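Peer 1:
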Amino acid sequence: MNMSKISPVFLFILFFCFNCSAQPAENESTYFIDLTESNMPIDSNTHALDVALADIDRDGWLDIVLALEKEPNRYYRNLGNGKFQWIKNVFKNASHDSEHVRVGDLDGDGFMDVLFVAEDDQNHEYYLGNGDGTFRDVSDRLLAKSEGNGLAIGDVNNDGLLDVVIGNTGESPKNFLWLNSNETPGKFNNSSPGDLPNHHDLTQSVLLVDVDNDGDLDIVLGNERPPSRLYFNDGKGKFKEEEGKLAQSVDLHSRQVIAVDANADGLIDLFFANLTSNGGKRERDPRGRLFINKGRGLFVDETEQRIPAYDFSTYAAAAIDFDRDGDMDIILSAIKIPPFEAFQMQALRNNGKGVYEFATADVIPKITVERAWGIGVGDVNGDGKEDLVVGAWGGQVRLLLAK
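Just so we're aligned: the sequence shown equals residues -22 to -1, 1 to 381 in mature numbering (1 follows the signal peptide of the UniProt record, and there is no 0).
#1: Between the C-alpha atoms of G362 and L248, what's the straight-line distance to the nearest angstrom?
#2: Have a look at L377 and H25 and give me their C-alpha separation to the nearest angstrom.
#3: Tell me which residues share the same chain as D99 and place their Cβ nearer than 6 Å to its Cβ, disregarding the 5 neighbours each side in the sequence.
#4: Taking all protein chains shown into account, decide if K259 is buried (16 or more other Cβ within 10 angstroms of its Cβ) or exposed.
#5: In angstroms with no decimal places, state the Cα-to-Cα distance between P205 and F250.
#6: By a C-beta neighbour count over all protein chains shown, 10 Å radius and 16 as the cutoff for buried, is D110 buried or exposed?
#7: Go through the region 106 to 181 residue by residue and report every complete run of the alpha helix (DSSP H) that reaches 4 residues or more, in order.
#8: For the beta strand (DSSP E) containing E335, name the first residue and the last one.
#9: Determine the DSSP secondary structure at S16, reduced to helix, strand or coil.
#10: For R284, which of helix, strand or coil comes out of DSSP?
#11: Given N160, which residues of its chain have a CB within under 8 Å of its CB, disregarding the five upstream and five downstream residues?
#12: Cutting at 7 Å between CB atoms, please list the residues of its own chain near A130, excluding the five before and the five after it.
#13: Using the beta-carbon count (16 or more within 10 Å), is K223 buried or exposed?
#14: Skipping 5 residues on each side, what residues in its chain have a beta carbon closer than 6 Å to that of P163?
#15: Check whether the Cβ atoms of L230 and N256 lie closer than 8 Å to each other.
#16: On the three-state DSSP scale, how would you describe D98?
#17: From E4, V92 and K48, pick the residue whose C-alpha is nearest to that of N71; which is it?
#18: Could you tell me whether the region 324 to 336 touches the region 16 to 32, using the rule of 3 or more Cβ pairs below 8 Å?
#19: Look up G339 in the DSSP assignment and say whether it is helix, strand or coil.
#20: Can you give me the C-alpha to C-alpha distance between E348 and A320, rounded to a whole angstrom?
#21: Mapping DSSP to helix, strand and coil, what is T24?
#22: Just how far apart, CA to CA, sit D307 and I270?
#23: Within the continuous beta strand (DSSP E) that includes K218, where are the two ends?
#24: Would you report the Cα separation of V228 and P286, rounded to the nearest angstrom?
#25: How far does the beta strand (DSSP E) with D365 in it reach, from first residue to last?
#26: State the start and end residues of the unbroken beta strand (DSSP E) segment that holds R55.
#27: Taking the Cβ atom as the reference point for each residue, do V92 and V134 lie within a distance shorter than 8 Å?
#28: Near L120, which residues of its chain fall below 6 Å by C-beta distance, leaving aside the five closest residues on each side in sequence?
#29: Just to confirm, are R233 and Q182 a CB contact at a threshold of 8 Å?
#30: If you check the beta carbons only, do N23 and G372 fall under 8 Å apart?
#31: Can you look up I315 in the DSSP assignment and give me helix, strand or coil?
#32: So what does DSSP say about W39, is it helix, strand or coil?
#33: With a threshold of 8 Å on Cβ separation, who are the neighbours of A122 within its own chain once the five nearest residues in sequence on each side are excluded?
#34: Would you list the one or two residues that DSSP bridges to Q234?
Quick look at the structure:
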């Protein structure tokens, strides 16, 4: 080819196209592709505060259940390969202040059931699944109303049935421990007065996890006002707090606590996602705090050595090995407070030793900008990789598929 006869315009176009193809699309990163527009129901003003992933209709695909503030709660059915359809009127056609949702087989029939807790209007909702994507409303089985926020389900007394822990807020809040009935699974007995410490906290998050490796589930509470708490299980569903096991020196407004084995030693560590405030002004340090488990449920705050400083608020966090290198990374929802504006979600990469650094540019697509809230983690398209479903306050629920 005679290079002297090639048009300069042609060379410019060739160079431009090459550089365009080399640049990732706005909806892609190294590890995820944001397929919200093509795979999700579009509603740009959804107030989805929590996300649960479970195979509701037993077709082998993970579906989505959303807890919505001031709107009816929602069920998005997975049509296969990670495409979702909003199936309407599955839950009550009523608008409550639903804050959290958990899914599990509460009545022992093999089908997924759903429990929502509501804060402002105190209208919790409870549904028993029929295994085909439909439910029976059994909210009248719930033992009490409350300004509920935190929620966890798990077998705390080792009887094979899932129990319920509800974290409450309000003027004089007390958290609930409801044990599943052996006589009638799916109904509950109030075990709170004798089996749960009598604290008046503003609990925003409840985590059930075995922190001391004794074979039973302990309770971790993320509280709006300090301190957050750790209750140890005696193996029979009776809990007590042990002084000094979760020592805190920083005044925090915690919104979620998650379990993550940060340093890969086989022990559960704790990460608390925090706000600077919930009222639009800066009050506290919003950086997440990482507590390392030293054994037998003794935690030490090693945030300064392991978590980079940041000034955005975080309503939710999720542990996921997004780079698939064998250690657990962390995804953060992110909102700028003040002035409570949408912000790109953030990613913390684990260096393999439990020290984290920001890797947002490699992980989060540029278009994934919302007032992000709850985060669901699971393989929604059946490729063996964990994907992300992200709730939003006054925005679009987003889907990020792992590449």
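No residue lacks a Cβ here, since even glycine has one placed at the ideal position from N, Cα and C. Given the structure is predicted, the values throughout are model-derived calculations rather than measurements.
Peer 2: Taking the structure as given:
#1: 26 Å
#2: 15 Å
#3: H74 and D75
#4: exposed
#5: 12 Å
#6: exposed
#7: 170 to 173
#8: Y334 to F336
#9: helix
#10: helix
#11: D137 and L139
#12: R80, V143, V184, L185 and L186
#13: buried
#14: D85, G86 and L139
#15: no
#16: coil
#17: K48
#18: no
#19: Checking the sequence shown, residue 339 turns out to be Ala, not Gly. DSSP places A339 in helix when its eight states are reduced to three.
#20: 5 Å
#21: strand
#22: 15 Å
#23: F217 to E219
#24: 16 Å
#25: D365 to G373
#26: R52 to N56
#27: no
#28: H102 and Y104
#29: yes
#30: yes
#31: coil
#32: coil
#33: F154 and N168
#34: A251
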